[in-house]
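Taking the UniProt record's numbering as reference, the numbering of the sequence shown is continuous, increasing by one, and the terminal residue is 426.
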Amino acid sequence: MIKKIFRSAVNLGLSKTARSVYWVFTGNVFSIILTFFTTILIANHVTKAENGIFLALFTLANLLSDLGEAGLGSALSSFIPRLELEQKSNDARAYLGAAFRLELGIGIFLLITTTLFAGNLSHILFADTSPTNVVITSGLTLILVLFGFSTFALSAYKKFREVALMNIFYSLVRLGMLVAAVFLTKLSLFLILAIYLLASLLGWIYSLYFLGTKFIMTSGNRVQVKKLLGFSSFLGIQRIFISVSSRLDLLMLVPLAGAVQAGVYGIASRFALVYPLVIGSLGQVLAPKFAEFAKGRHALDFFRKVGLLIGLLLVSLIIFYIFAQPLMLMLVPKYADAIPVFKGLLIAMTGFIAATPFVSFLIYTLKKPQVMTFVSAVQLIIIFLSNLYFIPKLGRFGPAIGIGLGNLAVLVISVGATWYYLKKEI
Numbered sequence: 001m002i003k004k005i006f007r008s009a010v011n012l013g014l015s016k017t018a019r020s021v022y023w024v025f026t027g028n029v030f031s032i033i034l035t036f037f038t039t040i041l042i043a044n045h046v047t048k049a050e051n052g053i054f055l056a057l058f059t060l061a062n063l064l065s066d067l068g069e070a071g072l073g074s075a076l077s078s079f080i081p082r083l084e085l086e087q088k089s090n091d092a093r094a095y096l097g098a099a100f101r102l103e104l105g106i107g108i109f110l111l112i113t114t115t116l117f118a119g120n121l122s123h124i125l126f127a128d129t130s131p132t133n134v135v136i137t138s139g140l141t142l143i144l145v146l147f148g149f150s151t152f153a154l155s156a157y158k159k160f161r162e163v164a165l166m167n168i169f170y171s172l173v174r175l176g177m178l179v180a181a182v183f184l185t186k187l188s189l190f191l192i193l194a195i196y197l198l199a200s201l202l203g204w205i206y207s208l209y210f211l212g213t214k215f216i217m218t219s220g221n222r223v224q225v226k227k228l229l230g231f232s233s234f235l236g237i238q239r240i241f242i243s244v245s246s247r248l249d250l251l252m253l254v255p256l257a258g259a260v261q262a263g264v265y266g267i268a269s270r271f272a273l274v275y276p277l278v279i280g281s282l283g284q285v286l287a288p289k290f291a292e293f294a295k296g297r298h299a300l301d302f303f304r305k306v307g308l309l310i311g312l313l314l315v316s317l318i319i320f321y322i323f324a325q326p327l328m329l330m331l332v333p334k335y336a337d338a339i340p341v342f343k344g345l346l347i348a349m350t351g352f353i354a355a356t357p358f359v360s361f362l363i364y365t366l367k368k369p370q371v372m373t374f375v376s377a378v379q380l381i382i383i384f385l386s387n388l389y390f391i392p393k394l395g396r397f398g399p400a401i402g403i404g405l406g407n408l409a410v411l412v413i414s415v416g417a418t419w420y421y422l423k424k425e426i
C-alpha cells in the first residue's frame, strides 16, 4: 500500500503537468519573494495611511484590469490547445489576435473613463488623494490588461517557462526601481505608482519576445469572434464577480474604516497573497489540461492527482499559520497589529484552495462556465454584505470574515455541481 502511494506520488511528480506546475510555481515563488521585499520596502518608507491609499489604488487597477480581461484570456485555453494539437496554427493565431483587439479596446475605454472621473473617485474611495494619482492608476490599468493578456496567451500555448520568466522580470524591475528611488530620493505615493506603471509596461514589452507580434496584425473572422465571445461571456461575467469580490476589502476599508486600518490590513493581505498567486499559477496549468478531456469521466484520474496537490497546499497553509507571528515581526515589526489579521486571512483561504480543482473541472471539462458565474455572484453578495456589516464594527478584521464565508460558499456549490453533472453524464 505504501509502495503504491509512493509510486503514485513519484509518477505525479514527474508528469508533464507537474513539470508545467514547477515552472509556473518557480516563477511565482521568485515573484512572491520579490513582491515580499517590495511590500516591506514600501511599508517601511511611507506612513500607514499612505500605504493604505497606495494599496487601495493598486487594488483598483487590478480590479479594472480583471474586468478588462472579460473572460477572453481565459477562453483562449479552450480554443488554442486543441487547435495546436490539430496543427491549425493560423486559426489559433486568429483567435489570439481577436482576443487581443477586444481586450485592448476595453482597456482603452477603462483608461478614458477612469481619467474622466479621477476627481470623484479620489474623493469617494481614496481619502481625497490627488486626482493625479488616480490618473496614473488608470494608465496602470491599461498596461495590466495587456500584461494579463500575455500571461493567458502564453499559458494557452503551454509556454509556462516563459510565463515564469515574464513574471520574474516584471517583479525584479519593479523592486530594482523602488530600491533606486529609496537611495536617490524619498518615496511618495506618486513615485510608487509611476514605478509600478513603468515596470508593468516593460514587463509587457518583454512578454512580446516570447509571444511574438504577428497576432497583433491578425484578426479573427466573424465565426471565430462569435465563438470566442460566446464562450467568454459567462467567463467574463464570472470574472467580474470574482474580481469585485476579491478587491472589495481594501476598496471598502478606506471609506468605512480609514486609511490607517486599510494600511494594516493591506500588509496582512499582501503576505496572504502567496496562496492566490499559487492557485492562479495552478489554474493556468489546469485550464488547458482539463480542456483536453472530451468527457468528465475521462478526466477523473487527472482530477484525483490534482486533489493530492491541493492537499499538500493545505498542509503548507497550516505551517504558514504556525510561523505567521515570527515571520511578520522579523520583516515588518511596526505592523505587529497585522498578525491576527494575517492568520484570519489564512483560515479564510481554506475554501478557496480546496475548490480549485472543482472550478477548473466544471469550466473546462464539463463546459459549465454558467455554473461558476452563478457561484461567483453568490460569493460577491456574501462578501459585500459581510464587509458592509463587519468592517464598521471590526475594522481591519472585518474583510477576513467575508472572504472566508464567500470561499466556503464557492467550495460547497462547486462540489455539489460537480457531483450532479458527473452523475448525469454517467
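Don't be surprised by glycine CBs; every beta carbon is placed ideally from N, CA and C.
Through-space distance from residue j to residue i, alpha-carbon basis
i	j	result
I318	I363	29 Å
I112	V134	12 Å
F241	L63	10 Å
L146	L72	12 Å
L251	G68	18 Å
L256	Y95	43 Å
K295	F361	10 Å
G212	P326	45 Å
S89	F215	11 Å
E50	L116	23 Å
T396	F126	Position check: residue 396 holds Arg in this sequence, whereas Thr was assumed. Distance between the alpha carbons of R396 and F126: 16 Å.
A70	L228	11 Å
L282	I322	24 Å
F154	P392	It is worth fixing the name first, because residue 154 is Leu in this sequence and not Phe. About 43 Å.
S376	S219	31 Å
L346	I195	30 Å
D249	P399	5 Å
L178	T185	10 Å
E86	S74	20 Å
F160	V285	8 Å
T137	G119	13 Å
L193	K368	39 Å
L175	I32	12 Å
N44	A338	14 Å
F37	F358	33 Å
F100	A336	44 Å
A299	L331	43 Å
F390	L201	38 Å
T129	I413	40 Å
Same chain only: Cβ atoms within 7 Å of residue i, ignoring 5 sequence neighbours per side
i	result
A156	L76, S77, I80, P81, P288
T132	F190
L408	G351
V225	A98
G406	S245, Q379, I382, I383
Distance between beta carbons of residue j and residue i, contact taken as under 8 Å
i	j	result
T356	I279	5 Å
R247	T59	5 Å
G410	G344	The residue you asked about is not Gly; residue 410 is Val in the sequence shown. Not confirmed; about 18 Å, so no contact.
A61	L144	6 Å
I403	I383	6 Å
T418	I267	No, T418 and I267 are not in contact; Cβ-Cβ is about 36 Å, not under 8 Å.
N28	N167	7 Å
A92	L83	4 Å
S269	S207	Actually they are not in contact, since the Cβ atoms of S269 and S207 sit about 26 Å apart, beyond 8 Å.
V415	L187	Actually they do not touch by this definition, with Cβ atoms about 45 Å apart.
L253	Y265	6 Å
G263	G52	3 Å
residue 427	Y170	Outside the displayed range of the chain (1 to 426) lies residue 427, so it cannot be described from this structure.
S243	T141	That belief does not hold up - the Cβ atoms of S243 and T141 are roughly 12 Å apart, past 8 Å.
A259	F342	Not really, about 19 Å apart at Cβ, beyond 8 Å.
L172	L329	About 27 Å; that fails the 8 Å criterion.
Same chain, Cβ closer than 8 Å to residue i, neighbours up to 5 away in sequence not counted
i	result
A354	I310, L314, L411
F302	T17, K289, F290, F293
G230	none
G139	L111, L197
G107	S65, G68, T141, L142, V145, L146
Neighbourhood of residue i by C-beta, 6 Å cutoff - its chain only, sequence neighbours within 5 removed
i	result
Y421	L366
F30	I168
V378	A409
M349	Y275
L102	L72
What are the uninterrupted segments assigned as alpha helix (DSSP H) that are 4 or more residues long and contained completely in the region 306-368, given in chain order?
For the region 306-368, whole alpha helix (DSSP H) runs of length 4 or above, ordered along the chain, are 324-331, 339-360.
Write down every uninterrupted run of the alpha helix (DSSP H) in the region 32-89 whose length is 4 residues or greater and which is fully enclosed by it, in chain order.
Listed in chain order, they are 48-69, 72-85.
Start-end ranges of the alpha helix (DSSP H) lying completely within the region 172-246, minimum 4 residues:
DSSP runs (the alpha helix (DSSP H)) wholly in the region 172-246: 189-211.
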